[in-house]
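J.: Please find one structure pasted underneath; my questions will follow.
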Amino acid sequence: MKAKVYVSLKPGILDPQGKAIQHSVELLGFTGISDVRQGKYFEITLPDSADQEQARESVARMAREVLSNPIIEDYRVEIEG
């Protein structure tokens, strides 16, 4: 079983790295981009025998307490398998 965790800055939080990426891609000739937001992605391998709902709850707790800063970041958890 695999858990995927996506972490991104909350709307309204300044994203200087996203702005730098946007500027760089514009310099490379990519046009029509109004905004770029960057984030983090984690893949977590869990035992196939794990209960899917318990795995979701455990990974969500991990995302909330370790992988993200809940003051400025949102997260999303997906479970496969």
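Under the working numbering, residue 132 is the last one in the sequence shown; the count climbs by one each step, no gaps.
Each residue gets a CB set at the ideal place from its N, CA and C atoms; glycine is no exception.
Pull up the DSSP beta-bridge partners for phenylalanine 93, would you.
T.: Counting from one through the sequence shown, the residue named residue 93 turns up at place 42. Partner(s): Val56.
J.: If we count Cβ pairs, one from each stretch, closer than 8 Å, do we get three or more for the segment 93-112 versus the segment 65-73?
T.: Touching, no, given that fewer than three Cβ pairs across the two stretches are closer than 8 Å.
J.: Check whether the Cβ atoms of lysine 91 and valine 128 lie closer than 7 Å to each other.
T.: Taking the first residue of the sequence shown as 1, we reach residue 91 at position 40. Taking the first residue of the sequence shown as 1, we reach residue 128 at position 77. Against a cut-off of 7 Å, the Cβ pair of valine 128 and lysine 91 comes out as no contact.
J.: Can you check whether the CB of valine 56 is closer than 7 Å to the CB of phenylalanine 93?
T.: Walking along the sequence shown from the start, residue 93 turns up at place 42. Walking along the sequence shown from the start, residue 56 turns up at place 5. Cβ atoms of phenylalanine 93 and valine 56: closer than 7 Å.
J.: With DSSP run on the structure shown, which of helix, strand or coil describes isoleucine 84?
T.: Position 33 of the sequence shown, counting from 1, holds the residue named residue 84. In the structure shown, isoleucine 84 sits in coil (DSSP, three-state: anything other than H, G, I, E or B).
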